[in-house]
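Quick notes on the structure that follows.
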Amino acid sequence: MIEVTASVDGLEVAASGVLQLCHDSVDAKVHGMDMKIRFVSGEPQNETRYFTEVKDSTLFLNLVNFSSPFPEGQFSPKEVGNINGRSLKMAFSVITLDVPTNARVFTYTFFLGGRN
Numbered sequence: 072m073i074e075v076t077a078s079v080d081g082l083e084v085a086a087s088g089v090l091q092l093c094h095d096s097v098d099a100k101v102h103g104m105d106m107k108i109r110f111v112s113g114e115p116q117n118e119t120r121y122f123t124e125v126k127d128s129t130l131f132l133n134l135v136n137f138s139s140p141f142p143e144g145q146f147s148p149k150e151v152g153n154i155n156g157r158s159l160k161m162a163f164s165v166i167t168l169d170v171p172t173n174a175r176v177f178t179y180t181f182f183l184g185g186r187n
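In structure tokens, the structure reads:
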């Protein structure tokens, strides 16, 4: 196996990948931290947004009204938490292939910043 490491603008790329989904949520673990990514509907329906929240030591990434066949998301790293004293940042994009079946392509990259 070939080990690849990368950094972008001083941030270490910790993980990057693509998920093909047919569900409205994804359970994940990021360096031992529980995370749940949820696709939800909200008002106004033409407004796409996202927000994070922590409940019972689980980080929730709520993606509201992500239903476009064109890429939408957070394209530059945005802080979502801390791991071992380092800033955890995330960039992501979503392409919705079929709304009724929740078919989506979810692309993500996690970054680690310097020690706080």
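For reference, each letter of the sequence shown is one residue, going 72 to 187 in the working numbering.
Where is the CB? At the ideal position from N, CA and C, for every residue including glycine.
- By the neighbour-count criterion, in which a residue is buried when 16 or more other Cβ atoms sit within 10 angstroms of its Cβ, lysine 149 is exposed.
- Straight across, the Cα-Cα distance linking leucine 130 with valine 170 is about 25 Å.
- Inside the segment 86-172, DSSP marks whole beta strand (DSSP E) runs of 3 or more residues at positions 96-101, 104-111, 120-126, 129-135, 143-154, 157-169, from first to last along the chain.
- Judged by beta-carbon spacing, threonine 119 lies beyond the 7 Å limit of asparagine 133, meaning their Cβ atoms are not closer than that value.
- Residue environment analysis places methionine 72 among the exposed positions, since fewer than 16 neighbouring C-beta atoms fall within 10 angstroms of its C-beta.
- A check of alpha carbon separations from serine 158 across Lys107, Leu183, Phe122, Met106 identifies Leu183 as the nearest.
- Proximity of the segment 172-183 to the segment 88-95 meets the contact definition, three or more beta-carbon pairs being nearer than 8 Å.
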